[in-house]
Amino acid sequence: MKVGLVIVSHSDKLAEGLSELAGQMAPDVAIIAAGGTDDGGIGTSLEKIQSGIAQADGGAGVALLADLGSAVMTAEMALEFLDPGQRETVRLADAPLVEGAVAAAVAAQTGQDLAAVIRDAEAVTATMGGGNAAGAPNDGASSAGADTLDDIDQDDDGVHEASWELINPMGLHARPAAAVAQAMADLDADITINGVDGKSVMMLMTLGLKAGDTLSVSAHGPDAARAVEMLGLEVRNGFGEI
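Position 39 of the sequence shown, counted from 1, bears residue number 1019 in this note's numbering, the numbering being contiguous throughout.
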């Protein structure tokens, strides 16, 4: 069972589109759009949200994400109408709608529990200060050493490191970033990619790495070597896009 998502928006089209986008990164997660009024207008519907919760709840809980103030208020009202036993398994994330939904979807896809899904959704606020993550190369230039490095280096502390040039035309955009975060999430290792958390799809997306940029990984822990090997295979295969 995986945590389900309900996307609450004033616009039915916006909710449907975001559900489709998030679904590309989380094909096994129930993501239900609850946008617009009951008659198809701009606004929110308590009934749609309640129906969305029922559809998304597969037993692991439901995370709600909402766009504007009145949508938040309607979502909170839906929570108040839940049966007492269900109130602990449905939560509203205090997160930006698009980024929060993507982060929540990826977390749910990896099998995280409701608390972790909400945490990941709300954590994206810290990444939205503008610009790229500190220290992340983003100007198309390779990091130390201009050539592609396919060898995995291990230092005396058991840290595994490697770098590769991105060869897929779109670079580390949303889909491959989600794939990387999902693959890394199950590994017992601390993983950083160009200075950010390799298990966070939103942090990876802030890097803005393009074709020709260098992706550098550093991993430490029991699965460190496997993490570097898996990532290297994905990069060399162009994330299946070439």
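Glycine included, every Cβ here is placed at the ideal spot set by N, Cα and C.
Given Ala1096, which residues of its chain have a CB within under 7 angstroms of its CB, disregarding the five upstream and five downstream residues? Ala1087
Scan the stretch 993-1056 and note each continuous beta strand (DSSP E) run of 3 residues or more that stays entirely inside, going in chain order. 1011-1015 and 1042-1046
Thr1069, DSSP secondary structure in three states: DSSP places Thr1069 in helix when its eight states are reduced to three.
Extent of the continuous beta strand (DSSP E) to which Thr1194 belongs: Thr1194 to His1200
Hey, is the stretch 1070-1078 in contact with the stretch 1011-1022, meaning 3+ C-beta pairs nearer than 8 angstroms? no
DSSP puts Ser989 in a beta bridge; with which residues? Gly1015
Taking 8 angstroms as the cut-off, decide whether the C-beta atoms of Ala1034 and Ala1046 are in contact. no
Helix, strand or coil, according to DSSP, for Asp1177 in the structure here? strand
Using alpha carbons as the reference points, say which of Arg1216, Thr1186, Ala1169 and Phe1219 lies closest to Ala1204. Ala1169
Please report the residue range of the alpha helix (DSSP H) in which Ala1165 lies. Ala1154 to Ala1165 is the extent of the alpha helix (DSSP H) around Ala1165.
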